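Step one of this worksheet: look at the structure below.
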Amino acid sequence: MPRERNPNRDKAYKIWLEHNGNITNRQIAEMLGENEKVIAVWKQRDKWNVVQQSANESCTTKKRGAPKGSKNAVGNKGGAPLRNKNAVGNSGGAPPRNTNAVKTGEYQTLWMDALTPEQQEIVERVNLDPLEQVNQSITLYAWREREIMMKIAKLEKGLTEKQRRVLQERVNIKEPVQVHDEKSGKPKTVILTRNELATTKIEETEYRVIEDILNLQEALTRVTDKKLRAVEMKHKLIIAKGPNDDEGGKSGLDQLAEVIVKSATLIQGDS
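Have a look at this one:
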């Protein structure tokens, strides 16, 4: 089942807003009974500071354009000069079927005539059977689940890690030394100062890799949710394959066609 969102996450943000950001993570953690570092992770992931800053800036937005009463643009109607032909034949925009805006390829349109022979061969080898496509998706999601769970287990084994910080600097060290006083003929104590490198501070802190674990748990929740959708889709496909014409309902092929359309809609929604 998908992992539910911790209700204290929204409560922590509300408390932070009520104090205008003038409250520490430790104070919020004590109020909600949470770990201080969990509050810090929520604060970073939900971008509390960015949200507050955007809200403040939106209240003082400066209008664009020239000052009131300015006559800098008097007589200028904008656009190219009269009878200018620089843009003749240019409809604007990039050439058809260009890939200038393609970043990840997730939403890229597929043009068969624009593919290389090798790419066309790969596309033709794709199995278009809906049930086979769903089976491949379930296998992929199950593999991703296992990989993520292994990473979480590995992190949890070393949850507590120690970090040691040693600060060394040159300091003046004063030492009392017994010397012979020639005037009095008696020993006396003299303070001598020497400069040397000494350890002045040692810090040893323990921290948990909470942020990495939380990120992996959220990713696991998303993958599990997609796998459950794929399993549900497979169940519908299997049911749709069985004809029920004797009962006066839709045929198995008609139901299969409807499921394929719904499946395509679900896949586009997950993108």
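In my numbering, the protein residues as written are 5 to 275.
By construction, the Cβ of each residue, glycine as well, lies at the ideal position given by its N, Cα and C atoms.
Since we're looking at a predicted model, the values are computed, not measured.
With a threshold of 16 other CB atoms inside 10 Å of the CB of GLY252, please say whether the residue is buried or exposed.
Confidence at GLY252 is low in this model, with a pLDDT of 48, below 50, so the placement of that residue should be treated as unreliable; the coordinate-derived value is given next. GLY252 comes out exposed.
If you count every other CB in all the chains shown that lies within 10 Å of the CB of MET154, and 16 or more means buried, which is it?
That one is exposed.
Residues near GLU110 by beta carbon distance below 6 Å, same chain, minus five either side
With a pLDDT of 45 at GLU110, under the threshold of 50, the modelled position of this residue cannot be trusted, and the question is left open.
ILE177 classed as buried or exposed, judged by whether at least 16 other C-beta atoms fall within 10 angstroms
So ILE177 counts as exposed.
Have a look at PRO121 and VAL127 and give me their C-alpha separation to the nearest angstrom.
It is roughly 10 Å from the alpha-carbon of PRO121 to the alpha-carbon of VAL127.
Following the continuous alpha helix (DSSP H) through ASN26, name the residue where it begins and the one where it ends.
For ASN26, no alpha helix (DSSP H) encloses it, and the DSSP letter there is neither H nor E.
Let me check one thing: in DSSP terms, what residues is ARG198 bridge-paired to?
ARG198 is bridged to ILE177.
Just verifying my parser: in three-state terms, what is the DSSP assignment at LEU171?
DSSP places LEU171 in the strand class (E or B) of the three-state scheme.
Taking Cβ to Cβ, would you say ILE214 is nearer than 7 Å to LYS51?
Their beta carbons are not under 7 Å apart, which means ILE214 does not touch LYS51 by this criterion.
From ILE217 to LYS158, what does the alpha carbon distance come to, in whole angstroms?
Straight-line measurement puts the Cα of LYS158 at about 10 Å from the Cα of ILE217.
Assign ARG233 to buried or exposed, taking buried as 16 or more other Cβ atoms, counted over all protein chains shown, within 10 Å of its Cβ.
ARG233 counts as buried, since at least 16 other C-beta atoms from the protein chains shown sit within 10 angstroms of its C-beta.
Quick check on THR120: does DSSP put it in helix, strand or coil?
In the three-state scheme derived from DSSP, where H, G and I count as helix and E and B as strand, THR120 is classed as coil.
Between which two residues does the alpha helix (DSSP H) carrying LEU86 extend?
DSSP places LEU86 outside any alpha helix (DSSP H), giving it a letter other than H or E.
Alpha carbon to alpha carbon, how far is GLN123 from ARG276? Give it in angstroms, no decimals.
The question about residue 276 has no answer, for the chain in this structure spans 5 to 275.
Helix, strand or coil at GLU207 according to DSSP, with G and I counted as helix:
Three-state DSSP puts GLU207 in a strand.
Should TRP20 be labelled buried (16 or more other beta-carbon atoms within 10 Å of its own) or exposed?
Classification for TRP20: buried.
Answer yes or no: do GLN172 and LEU201 have a C-beta to C-beta separation smaller than 7 Å?
Between GLN172 and LEU201, the C-beta gap is smaller than 7 Å, which places the two residues in contact.
Where LYS72 sits in the DSSP three-state scheme:
Under the three-state reduction of DSSP output, LYS72 falls in the coil class, being neither helix nor strand.
By alpha-carbon positions, which one of ALA16, ASN53, VAL227, PRO11 ends up nearest to GLU151?
Of the candidates ALA16, ASN53, VAL227, PRO11, the one whose C-alpha sits nearest the C-alpha of GLU151 is VAL227.
Check ALA16 in the structure and name its three-state DSSP category.
ALA16 falls in the helix class under three-state DSSP.
Based on the DSSP secondary-structure assignment, which residues constitute the bridge partners of VAL183?
Bridge partners of VAL183: LYS192.
In or out: LEU224 buried (at least 16 other Cβ within 10 Å) or exposed?
Residue environment analysis places LEU224 among the buried positions, since at least 16 neighbouring C-beta atoms fall within 10 angstroms of its C-beta.
Tell whether a beta-carbon distance below 7 Å holds between LEU135 and LEU241.
Taking 7 Å as the Cβ cut-off, LEU135 and LEU241 qualify as a contacting pair.
Taking all protein chains shown into account, do 16 or more other C-beta atoms lie within 10 angstroms of the C-beta of ILE32, making it buried, or fewer, making it exposed?
By the 10 Å Cβ count, ILE32 comes out buried.
For ARG198, which option in MET237, LYS245, ARG174 has the closest C-alpha, if you only look at C-alpha atoms?
Measuring from the Cα of ARG198, the nearest candidate turns out to be ARG174.
Count the other CB atoms within 10 Å of the CB of VAL138; is the residue buried (16 or more) or exposed (fewer)?
The C-beta of VAL138 has 16 or more other C-beta atoms within 10 Å across all chains shown, which makes the residue buried.
Can you look up LYS216 in the DSSP assignment and give me helix, strand or coil?
Rather than Lys, the amino acid found at residue 216 in this sequence is Asp. Three-state DSSP puts ASP216 in a helix.
According to the Cβ coordinates, are ASN12 and LEU36 closer than 7 Å?
Yes, these two residues count as a Cβ contact at 7 Å.
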